[in-house]
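Heads up: the sequence shown runs through residues 2 to 37, numbered per the numbering used here. Every residue gets a Cβ at the ideal spot worked out from N, C-alpha and C, and that includes glycine. Before any comments, here is the structure.
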Amino acid sequence: LITQRLPRSIHAVTAAGFEIKVLLFLIATMITLIIK
């Protein structure tokens, strides 16, 4: 389920930027699941 929603690549310059993008993606996915 989550792998289907993941973008093919996550462009991030730094490790911290990558972590933030992954966290935001997870939060957005959880909200989507709660709303359904």
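Exercise for the section: Identify whether Ile11 lies in helix, strand or coil by the three-state DSSP scheme. Expected result: As a first step, residue 11 must be located in the sequence shown, where it is residue number 10. Looking at Ile11 - three-state DSSP - the assignment turns out to be coil, as it is neither helix nor strand.
Handout entry: Range covered by the alpha helix (DSSP H) that runs through Lys37
Key = In the sequence shown, residue 37 corresponds to position 36, counting from 1. Lys37 -> no alpha helix (DSSP H), and no H or E assigned at all.
Problem - Contacting residues, own chain, Cβ-Cβ under 8 angstroms from Thr7 (five flanking each side not counted) - result: Locating residue 7 in the sequence shown gives position 6, counting from the first residue. The identity of residue 7 in the sequence shown is Leu, whereas the question assumes Thr. Setting aside the 5 residues that flank it on each side, Leu7 is surrounded in the same chain by Phe26, each with a C-beta closer than 8 angstroms to its C-beta; the list follows chain order.
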